[in-house]
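Read through the structure below, which is laid out as structure tokens, and then see the notes.
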Amino acid sequence: MIESPSCHAEALQHEIHKSVSSLHQRLVAPPTDLTQKIQQLIHGNTILTYYLRMSWLRKLSFLNELIKRIKSLDTMRLVIDTLQPLLGKLTSYCKSTTATPMNFDKVLNDHDRMFSGDILEENIALDLAWFESIEDQEQVAYLIAFIRLSGHALIRIFIANLQSALVERLKVQALQANHIDEKEEKKNSSESHYKHDLDDPKHQKCVQLQKKWEKTIGEYRKKVLGKKKEKASTKSKDKKSKNKKTKKAKKKNKKKRKGGKDEPLDWIQIMPIMIVKKIFNHLDKKSLNRAKKVNTYWKWAIGELLKDRKARKSLNKSDKKLRKASGSECFFPESEFLEGKARVSHTERRLQKLQMRGAILEELRQNSRVAQNTNALITEAMKLAPYVSDLTMYPRVERKNGAIFKRPEFLVKDLGIICVEGDDLSESEEDTGGQGTRFSSSVASSGSDRF
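Residue numbers for the sequence shown follow the numbering used here, beginning at 1 and rising by one.
As structure tokens, then:
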């Protein structure tokens, strides 16, 4: 048998009641311990009173501050292990009751308006310091008491925050342990380090060999560094020579580009080339040759104009030759695109747009042939396979070979139907041609107690 989760919830509530609201476990203790215990219980109950009247966000922030004040990692693990089973569906269904075993069955929704803001913050700071001074078992008990007064979503967020805080603390603890291990290794290595004896003859030989090694390494470094310096000097010389050549070439190119003094702009240089060609086309060859001397731009524009004239002359000559060869008869291809379209008025355009959108009166709509001939896919499908074809229904009267007629009293009793005595239920109307069982839907009388 699987134990229901409500048993776990009831056991947990019983333990919390014992740890928070009962004193029979500590009656044997001395009076000083009893007074401290009573003070702690009063303090905890006062926290619960204003925790009830906090808003949802303030409750979450208060629980996060309590997480920071938890001392040991074992308490965090214990809280997580006890609260995670309460997040299942079965336990949440069991918790959905109209009343609670707590004394606060009806709570006012004050939303942090029980105290002023400053007083509430002072009380919270004092209570957090008090929570930090409590033992681990009492911290767990109070945390569970706070969570019992909060909602299901708040419990989920609280457990997630508690798990993240536990992971962070474990990381810090692992880093500290690694740091301590490194320090111990350094101490052990320094203690186990072998110290040479200066009076030992082997030590003197080692010193001589070290000096020889340093000399050979120094000579080798000088050779390597000298070669590197030579290569660097040759590279720098090559770069300088290349830079000089490039500078000279740049100066020559600048002089060529400049070509003397800059020429002033005029209106012809600003205008488009097609307009300039049209202007110069009105001049003769002599005037054009004189105009070339004015400016480089004028010279270039006049040269382009003369080229265009030569091209036009050659085209005219070829055109004349073709006309003579064809007998002055030219044939042009017929094209429908050259036909002019009829002008559409503004109102017709508006009507066309309205027809496209559909926002027009039915009287003005044009019935197109395509729309008249189209049929919906559903109507065509229903013509082929109507919804009534091949329809099977349950028969109203069962045949005599049915399973109901073996023990008909159950059917009659459940439906409240009276069976007339003397009738045979083994025959149906279909078999007897309409004469058979007779049923009435009246309520059972005193004579039908056996049903």
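A virtual CB, placed ideally from N, CA and C, is assigned to each residue, including glycine.
- Scanning E122, V276, V140, E263 for the CA closest to the CA of L306 turns up V276.
- Taking each of S314, Y220, F62 in turn and checking the Cα distance to I124, the smallest one comes out for F62.
- About 6 Å separates the Cβ atoms of Y51 and F146, confirming a contact at the 8 Å cut-off.
- Rounded to whole angstroms, the separation of the alpha carbons of K222 and K242 is 30 Å.
- Taking 9 Å as the cut-off, the Cβ atoms of R69 and E132 count as close.
- In the three-state reduction of the DSSP assignment, I134 falls in the coil class.
- Along the segment 280-304, the alpha helix (DSSP H) occurs as fully enclosed runs of 4 or more residues at 285-292, listed in sequence order.
- Within its own chain, no residue has a Cβ closer than 8 Å to the Cβ of Q210 once the five positions on either side in sequence are excluded.
- Out of K313, R309, D266, L265, the CA that lies nearest to the CA of H282 is found in R309.
- L83 sits in a helix when the DSSP states are folded into three classes.
- The beta-carbon separation of I302 and K292, rounded to 5 Å, stays under the 8 Å limit for a contact.
- In this structure L170 is exposed. Its beta-carbon is surrounded by fewer than 16 other beta-carbon atoms within 10 angstroms.
- Secondary structure of E348 (DSSP, three-state): helix.
- In the three-state DSSP reduction, R156 falls in the helix class (H, G or I).
- Taking 9 Å as the cut-off, the beta carbon of V140 is found no closer than this to the beta carbon of L73.
- Take the alpha-carbon of T35 and the one of E138: they are about 16 Å apart.
- Shortest Cα-Cα distance from K71 to any of I155, D136, I180 involves D136.
- In this structure, L57 keeps its C-beta atom at 9 Å or more from the C-beta atom of F158.
- A distance below 9 Å separates the beta carbons of L48 and L149.
- Q204 has its alpha-carbon roughly 48 Å from the corresponding atom of S236.
- Within the same chain, and ignoring the five residues on either side of I80 in sequence, the residues whose Cβ sits closer than 8 Å to its Cβ are I159, L162, Q163, L166.
- Secondary structure at E263: coil, using DSSP grouped into helix, strand and coil.
- Counting only residues of its own chain and dropping the five nearest sequence neighbours on each side, I268 has a CB closer than 6 Å to the CB of V276.
- When the beta-carbon positions are compared, Q352 and V344 come within less than 9 Å of each other.
- Across the structure, A129 and L66 are spaced so that their CA atoms are roughly 10 Å apart.
- Residue environment: G151 is assigned as exposed (fewer than 16 neighbouring CB atoms within 10 Å of its CB, all protein chains considered).
- Remark: C-beta atoms of I273 and E304 approach each other more closely than 9 Å.
- Only exposed fits K244, as fewer than 16 other CB atoms lie within 10 angstroms of its CB.
- In the structure shown, P201 adopts helical secondary structure according to DSSP, grouped into three states.
- Linking A232 to G226 through their CA atoms gives a straight-line distance of about 10 Å.
- G44 counts as buried, since at least 16 other C-beta atoms from the protein chains shown sit within 10 angstroms of its C-beta.
- In this structure L60 touches L154 by the C-beta definition: roughly 6 Å separates them, less than 8 Å.
- Rounded to whole angstroms, the gap between the alpha carbons of Q39 and L126 is 14 Å.
- Rounded to whole angstroms, the gap between the alpha carbons of R290 and T296 is 12 Å.
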